[in-house]
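So the sequence lines, in the order shown, correspond to chains A and B. Just so you know, the first sequence maps onto residues 221 to 752 in the numbering used here. Just so you know, the second sequence maps onto residues 13 to 327 in the numbering used here. Every residue, glycine too, gets a C-beta built ideally from N, C-alpha and C. Fair warning: this is a prediction, and the values are worked out from it, not measured in the lab. Report on one structure; see the data block that follows.
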Amino acid sequence: MRSVRALAATAALSLLAFSTIAFAGGPKQGGILRMYHRDSPGNASIHEGATYSLNVPFMPVFNNLVIYKQDEAQNRMDNILPELAESWAWAGDNKTLTFKLRQGVKWHDGKPFTSADVKCTFDMLMGKAQQKFRQNPRKTWYEQVNDISTNGDFEVSFNLKRPQPSLLALLASGYTPVYPCHVSPGDMRTHPIGTGPFKFVEFKANESIKLTRNTDYWREGRPYLDGIEFTIIPNRSTAILAFVAGKFDMTFPTEVSIPLLKDVKSQAPNAVCVVEPNNVATNIIVNSSAPPFDNIDIRRAMALALDRKAFISIMFEGQGDVGGTLLPPPNGLWGMPKEMLETIPGYGPDVNANREQAKKLMQKAGYGPDKHLAVKISTRNIPVYRDPAVILIDQLKSIYIDGELDVVETANWFPKIARKDYMLGLNLTGNAVDDPDQSFYENYSCGSERNYTNYCNKEIEKLFDGQSQETDIAKRKKLVWDIDKKLQEDVARPIIFHARTGTCWQPYVKGVTVMSNSSYNGYRYEDVWMDK
Amino acid sequence: MFAYLVRRLFLMLVTLFGISVVIFFLLRIVPGNIVDILFAAAGYVDPADKANLEKELGIDRPLIVQYWHWISGFLRGDFGYSYVSEKPALQEILPRIPITARLAGLALLFSASIGIPLGVISAVKQGTRLDYALRVVSLSGLSLPSFWLGLLILTAAVAMFGQIPIFNPNPKTWLEAFATYAVPAAAVGFRSAALTMRITRSSMLEVLRQDYIRTARAKGASDAAVNYHHALKNAILPVITVIGIEAAFLIGGLIVTETVFNIPGVARFLVEAIRWRDYPIVQNLVMFIAVVVVFANFTVDMLYAVFDPRIRYTD
């Protein structure tokens, strides 16, 4: 009898040990992911905002037609996966993109998802629907889309004016969720309804955002988490201390600066921290429609005076990237290679030689040691803007330019820039998608609302269209490099650096992937789980 | 007394009307409105979208019309909607008031219960080591900014106990609920306690030199009876005045304390609302604070008469 009991006990222990080992490797269901949020987003509607403060908490509520693979850091065309679509196909000389839609998907309020919802969403984005968004910051993304047509409840086609292969990349962004037809844009701002892995529970402004698991989610076995809770903590010191004390499982993504990262690692040595580029370029906007910067020599001198490595070393302890308009490789897909970059004036490694050239250009324009050029450098009153502006002022001193910092409150920044009430401005440009179409058309095309400098070059505009239609990636890359080089040589909007930032989480949080060429697309959180 | 009360109440109404005008127009002088901020956040300006939104929110109408719309609504109990959350302003403001009220009340309690006794001790023990030590403490209280003190407390708590005493919205026990407010209240009340202590000390020193105190001692009254019954009773008036003023100024200290300890009270909410130029929230909240301050001053005036029978309010 004793031996039977012993055998049973051994068997039970073995089973327990086996199940523990088996389970230890795989994802576990359950748990609430606690994260702090850096600020209170104005509303809950991703389509009406242009900040990742919206994407992080609300992207888990939605699905797109297609999505960048959430467990790969780099967003690429070849890692775009179907989501609400089951498949897609290009047809008609690459002017029609047709999606077969997933069947049996339900909105969080129980209504069925159909092609009408897709048409509604994109008609609203193109400004063609009866219902309007209060704000529509990405309307320009769909300028090449003629219309959206449906074929039954589960097929939808995007009919384009001309081929635009990058449309798929734009549709895969965290900024492109599909909205339900039966919910008004106003209601989507306060109580979003999606088809995503998590349902919206509540949003208390300045306090918290709560999401709960969607038990009817179409992807079987997902999400792993029971919910996600965001506590809004605008004070960064408090937020980091709370993470160190274990009150949160994760920091707000890409919100830990390099110096702060050291503090986190010293106080919470077990925390997992990742530093990645966030595809936000710090740049100079130049008012070239008024003196003195209507003089190309002065603009070129300014570009030559930049010591980009000094910016990166002071602000990021060396962890940043020098590049052109597009994020440089290896993280960026379209940035110029180093050898090409260094041929552009101001990018060469010998800063002193660059500055000597700059001084000559300044002297040619009538300035010198006895006659300095006084300029106001305007920027937003936010540290990430102000700090590089101060370094810029210091660097421009070396070429007879005396800069004075003009800090502008956020509310007045865009109106001031729009009415061209500035000489030089220090600006940040975030790219939601690592694709030239998004960057070129938004920031450099004639008449674009976000082309703050009014840079307009019809020749380059043609090149924009040329690269946009090119389906061969290698050929397109070459075209893009040439355009980027030209933009830097024209001093259209000199790029100073591309920042890198950190994200940390507790060691028991698994399945987190921080995207390395965009900070807008990686927050579905359906693969995240907790090994607790 | 009745006529005085009526006059004071009338003056209060005039003051509140003046405040409403000042709040309304000051807010419009600040550059930018909610629409500018929304478009700044979206990184673009579309004049047509902007005009539509301004029309929708009613901020395209003449200022006088906007003022009348607000103040008439305020008097009817219609506080409008938050421009940002699109929820009724009252629904946004009301749940935050008890949080800040608890915090402010505890801070004032901390200030009075620490400041007054220590002030008395410091005055009674004038020139001793204890007096010097207490004066150093009070000077530090006046010199340390509350946000810095708050951060210091948080850092020390994390380093020493591995815990962070920030706001807990769902405390499980009474003790947890108390701790949620006690630490920030101490941080913000420290400065106030220091001021109360200094005022109590100087007021006590003045009273302790009076003839009637000497008489009381000569009659054999105990130290405690002399200090607390005879001296403090007469020295308390300036202290009450200071506490009354501090109650009004507390909102300034609470803004940083609520931010550092992440407390979702009205003070932090007000700053956020100003940042967004959320006029319905700011106007109604500042009016609410103004009403509290005006009533606090009124109460202090009434308390004078209670504590000093020589004071009589006549016509």
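**OP:** Give a yes or no on whether the C-beta atoms belonging to residue 468/A and residue 750/A are separated by under 8 Å.
**Re:** no
Original post:
With distances taken between CB atoms, is the gap from residue 271/A to residue 53/B smaller than 8 Å?
Top reply: yes
**OP:** Give me the Cα-Cα distance between residue 169/B and residue 193/B, rounded to the nearest whole angstrom.
**Re:** 15 Å
**OP:** Ignore the nearest five residues each way along the sequence and tell me which others in residue 268/B's own chain have a CB closer than 6 Å to its CB.
**Re:** 158, 159
**OP:** Could you work out which residues of chain B lie near residue 634/A, taking near to mean beta carbons separated by less than 8 Å?
**Re:** 48, 51, 52, 55, 56, 57
**OP:** Keeping to the same chain, check which residues put their C-beta closer than 7 Å to that of residue 248/B; ignore five residues upstream and five downstream.
**Re:** 319
Original post:
Taking buried to mean at least 16 other C-beta atoms within 10 Å of its own C-beta, is residue 242/A buried or exposed?
Top reply: Its pLDDT being 43, under 50, residue 242/A is placed unreliably in this model, and the coordinates cannot settle the point.
Subject >> Chain-ordered chain A contacts of residue 281/B [CB-CB under 7 Å] >> reply: 426
Subject >> Cβ neighbours of residue 600/A in the same chain (closer than 7 Å, five flanking residues each side left out) >> reply: 628, 630, 633
Subject >> Closest Cα partner of residue 463/A within the set 498/A, 742/A, 258/A >> reply: 258/A
Subject >> Rounded straight-line distance, which links the Cα of residue 493/A to that of residue 230/A >> reply: Caution applies to residue 230/A, whose pLDDT of 47 falls short of 50 and renders its modelled position unreliable; the value that the coordinates give is listed next. Cα to Cα, the separation comes out at about 41 Å.
**OP:** Name the two residues that bound the continuous alpha helix (DSSP H) containing residue 405/A.
**Re:** 405-410
Subject >> Reference residue 647/A; option with closest CA among 603/A, 397/A, 653/A >> reply: 603/A
Original post:
Does the beta-carbon of residue 214/A have 16 or more other beta-carbons within 10 angstroms, so that it is buried, or is it exposed?
Top reply: Residue 214/A is absent from the model: chain A starts at 221 and stops at 752.
**OP:** Indicate whether at least one CB of chain A lies closer than 8 Å to the CB of residue 348/B.
**Re:** With chain B running from 13 to 327 in the structure shown, residue 348/B is simply not present.
**OP:** Only counting runs of 3 or more residues, tell me where the beta strand (DSSP E) segments fall wholly within the segment 489-554 of chain A, in order along the chain.
**Re:** 492-506
Original post:
Got a sec? Which residues, its chain only, sit under 7 Å from residue 429/A by beta carbon, not counting five neighbours each side?
Top reply: 257, 277, 423, 450
Subject >> Helix, strand or coil at residue 255/A according to DSSP, with G and I counted as helix >> reply: strand
**OP:** Could you please give me the residues that DSSP links to residue 376/A through a beta bridge?
**Re:** 319/A, 370/A
Original post:
In whole angstroms, what separates the C-alpha of residue 56/B from that of residue 535/A?
Top reply: 27 Å
Subject >> DSSP three-state assignment for residue 585/A, whether helix, strand or coil >> reply: coil
Original post:
For chain B, is any of its Cβ atoms less than 8 Å away from the one on residue 453/A?
Top reply: yes
Original post:
In three-state DSSP terms, what is residue 626/A?
Top reply: strand
Subject >> Buried versus exposed call for residue 474/A [16 or more other C-beta atoms within 10 Å across all chains shown] >> reply: buried
Original post:
What does a CB cutoff of less than 7 Å around residue 360/A pick up in its chain, not counting 5 residues either side in sequence?
Top reply: 661, 662, 668
Original post:
Thinking C-alpha only, which one of 507/A, 471/A, 354/A is nearest residue 640/A?
Top reply: 507/A
Subject >> Sufficient close CB pairs (3 or more, under 8 Å) joining the segment 453-463 of chain A to the segment 18-35 of chain B >> reply: no
Original post:
Under 8 Å between C-beta atoms, does residue 284/B make it to chain A?
Top reply: yes
Original post:
Under the rule that 16 or more other beta-carbon atoms within 10 Å means buried, what is residue 17/B, buried or exposed?
Top reply: exposed
Original post:
CB-CB under 7 Å to residue 480/A, same chain, minus the five flanking residues each way: which ones, in chain order?
Top reply: 460
Subject >> Proximity below 8 Å, CB of residue 755/A to CB of residue 317/A >> reply: In this structure chain A extends from 221 to 752, so residue 755/A is not present and cannot be described.
Original post:
How big is the Cα-Cα spacing for residue 239/A and residue 328/A?
Top reply: Residue confidence for residue 239/A is low, a pLDDT of 44 falling below 50, so the modelled location carries little weight and cannot support an answer.
**OP:** Output the distance between the C-alpha atoms of residue 258/B and residue 204/B, rounded to the nearest integer angstrom.
**Re:** 7 Å
Subject >> Residues that residue 448/A bridges to, as DSSP identifies them >> reply: 253/A, 431/A
**OP:** Put residue 242/A into one of helix, strand or coil per three-state DSSP.
**Re:** Here residue 242/A scores only 43 on pLDDT, less than 50, and its place in the model is too uncertain to base an answer on.
**OP:** Report yes or no: do the segment 112-120 of chain B and the segment 271-280 of chain B share at least 3 C-beta pairs separated by less than 8 Å?
**Re:** yes
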